[in-house]
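Here the sequence shown is numbered in the numbering used here, starting from 39 and rising by one per residue. Just so you know, even glycine gets a beta-carbon here, dropped at the ideal spot from N, CA and C.
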Amino acid sequence: MAEIDAEQEARLKRFRLMKRLLVIVPLSTILILFCLCIFLGIRLHFVKKELHKLQARVETMASVSESADTAAAQTTGSTEAYTSSGVDESRRTEIDAQEDAGEEEGIRKVYLTFDDGPSSNTGRILDILAEYDVKATFFVVGKEEELYQPLYNRIVEEGHTLAMHSYSHKYQEIYQSKESYVEDLTRLQEFLYDTTGVWCRYCRFPGGSSNTVSKVDMHELIEYLDEQDMTYFDWNIVSGDATSDYISSGDIIRNCTRKLGEFDEAIILMHDAAEKDSTVKALPGLIEQIQAMENTKIVPITDDTEPIHHISND
Ligand SMILES: [Zn+2]
39 MAEIDAEQEA RLKRFRLMKR LLVIVPLSTI LILFCLCIFL GIRLHFVKKE LHKLQARVET
99 MASVSESADT AAAQTTGSTE AYTSSGVDES RRTEIDAQED AGEEEGIRKV YLTFDDGPSS
159 NTGRILDILA EYDVKATFFV VGKEEELYQP LYNRIVEEGH TLAMHSYSHK YQEIYQSKES
219 YVEDLTRLQE FLYDTTGVWC RYCRFPGGSS NTVSKVDMHE LIEYLDEQDM TYFDWNIVSG
279 DATSDYISSG DIIRNCTRKL GEFDEAIILM HDAAEKDSTV KALPGLIEQI QAMENTKIVP
339 ITDDTEPIHH ISND
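Right, dumping it as structure tokens:
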């Protein structure tokens, strides 16, 4: 009797073991596969990132060499058209001469405008602009941290136009009412005056004057700016760098130059933000392509600039 019991006991044990194995084996397989998926996912993310970086470098190099070819074709017979820095000096002299002679007529003006700065990229942008002796316009936001102070001042000292975007850049707040917009803009204007000594009069609405976020009729805000003798500027060319998705520097250059020939005055919308590396990378190639265009010059926004408006003033 006891022998039978022992045998039954052993069978029961085997059965339990089998049952446990049947649960453990599939579960651990699933767990291993899950970990493997996560690992591969992370690897894929980094490989993609690396690929984007390489793509951007290749495209920047391609557009730079393309612009060099165009410029070379235009400067007939001149073998000394380029300095070691790659800037087309003869082209620049030509434009300067035209400027001196007062031949403003028929010259296409291109405005490089940067929204949302200062950022960790502002210094790089300013360095590139200085290298090409190009002046731009910065529609800045309010950043009180110490590290940004020198950047506001560099913009002014290096001859660029300091203009206002929004202190907080929080759409929900600034477009809540006319009062909240005015409060935000005044705060920025005073902050910029305290920081740089410049009393700014040029603005750009976050999202542009045609934004659909504002709870206030944009005409009301435009009217306020008119009363204050402030001028607002929209844009007629988008670089495409506003997107949160990755955009290559080659695409930025193409977006900016594709329709440039259609305008006598082109205001290009770009962004100065920490995550917008492609914009910085695109800048040298973009400037070179614009400088290689006939009768075209890059200028900062001044009182002479004819503003681009997305909605009419009345
Ligand atoms: Zn903005």
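Exercise. Which stretch, first to last residue, makes up the alpha helix (DSSP H) that contains D264?
Worked result: According to the DSSP assignment, D264 belongs to the alpha helix (DSSP H) that extends over M256 to E265.
For this session: May I ask you to list the residues that DSSP assigns as paired with M308?
Result: For M308, which the question treats as bridged, DSSP gives the partners F152.
Problem set entry | Neighbouring residues (CB closer than 5 Å to any heavy atom of ligand 1) | Those residues are D153, D154 and P244, given in chain order.
Problem set entry | Terminal residues of the alpha helix (DSSP H) in which L223 lies | For L223, the enclosing alpha helix (DSSP H) covers residues K216 to T234.
For this session: Measure how close the beta-carbons of P156 and S204 come, nearest whole angstrom, since I'm counting them as under 8 Å.
Result: Not quite, the Cβ-Cβ distance comes to about 14 Å (not below 8 Å), so this is no contact.
Problem set entry | Simplified DSSP assignment, three categories, for R81 | Annotated three-state conformation of R81 is helix, per DSSP.
Exercise. In whole angstroms, what is the alpha-carbon distance linking T343 and Q227?
Worked result: CA-to-CA, the gap between T343 and Q227 works out to about 21 Å.
Exercise. Is the distance from the Cβ of L321 to the Cβ of I193 below 8 Å?
Worked result: Contact check for L321 against I193 fails: the beta carbons are separated by 8 Å or more.
Exercise. Among the residues of its own chain, which have a CB less than 7 Å from the CB of I291, if the five just before and after it don't count?
Worked result: Hits under 7 Å: S101, A320, G323, L324 and Q327.
Exercise. Is it true that the CB of L230 sits closer than 8 Å to the CB of L189?
Worked result: No; because the gap between Cβ atoms is not below 8 Å, this pair is not in contact.
For this session: Starting from the Cα of I275, find the closest Cα among M268, T67, F152 and D43 and give me that residue.
Result: Closest option to I275, Cα to Cα, is F152.
For this session: Taking all protein chains shown into account, decide if P64 is buried (16 or more other Cβ within 10 angstroms of its Cβ) or exposed.
Result: By the neighbour-count criterion, in which a residue is buried when 16 or more other Cβ atoms sit within 10 angstroms of its Cβ, P64 is exposed.
For this session: Can you have a look at A174 and say buried or exposed, based on whether 16 or more other CB atoms are within 10 angstroms of its CB?
Result: Here A174 is buried. Its C-beta has 16 or more other C-beta atoms within 10 Å.
Exercise. Is S316 helix, strand or coil by DSSP?
Worked result: Residue state, collapsed to three classes: helix.
Problem set entry | Separation of T281 from Y270, as counted between CA atoms | For Y270 and T281, the distance between alpha carbons rounds to 23 Å.
Exercise. With distances taken between CB atoms, is the gap from P346 to I306 smaller than 8 Å?
Worked result: In the sequence under discussion, the amino acid at residue 346 is Ile, which differs from the Pro named in the question. It is not a contact, given that the beta carbons lie outside the stated cut-off.
Exercise. Where do the N-terminal and C-terminal ends of the beta strand (DSSP E) with T199 fall, by residue?
Worked result: DSSP places T199 in the uninterrupted beta strand (DSSP E) bounded by T199 to S204.
Problem set entry | For V172 and G144, the rounded distance between their alpha carbons | Those two C-alpha atoms are separated by around 20 Å.
Problem set entry | Three-state secondary structure (DSSP) of Y270 | Reduced to three states, the DSSP call for Y270 is strand.
Problem set entry | Span of the beta strand (DSSP E) around I336 | Judged by DSSP secondary structure, I336 falls within the beta strand (DSSP E) whose first and last residues are T334 to I336.
For this session: Please name the residue or residues paired with K147 in a DSSP beta bridge.
Result: In DSSP, K147 forms a bridge with E303 and K335.
For this session: Just the C-alpha distance for F77 and S277, rounded to the nearest angstrom, thanks.
Result: When rounded, the separation of the alpha-carbon atoms in F77 and S277 is 36 Å.
Exercise. Would DSSP call C241 helix, strand or coil?
Worked result: It is a strand residue.
Exercise. Do you know offhand how far T334's Cα is from G197's?
Worked result: One C-alpha to the other measures close to 20 Å.
Problem set entry | Exposure label - R242; buried when at least 16 CB within 10 Å | By the 16-neighbour rule on beta-carbons within 10 angstroms, R242 is buried.
Exercise. Exposed or buried, G246, counting other C-beta atoms within 10 Å across all chains shown (16 or more means buried)?
Worked result: G246 comes out buried.
For this session: Could you give the DSSP three-state label for V178: helix, strand or coil?
Result: The DSSP-derived three-state label of V178 is strand.
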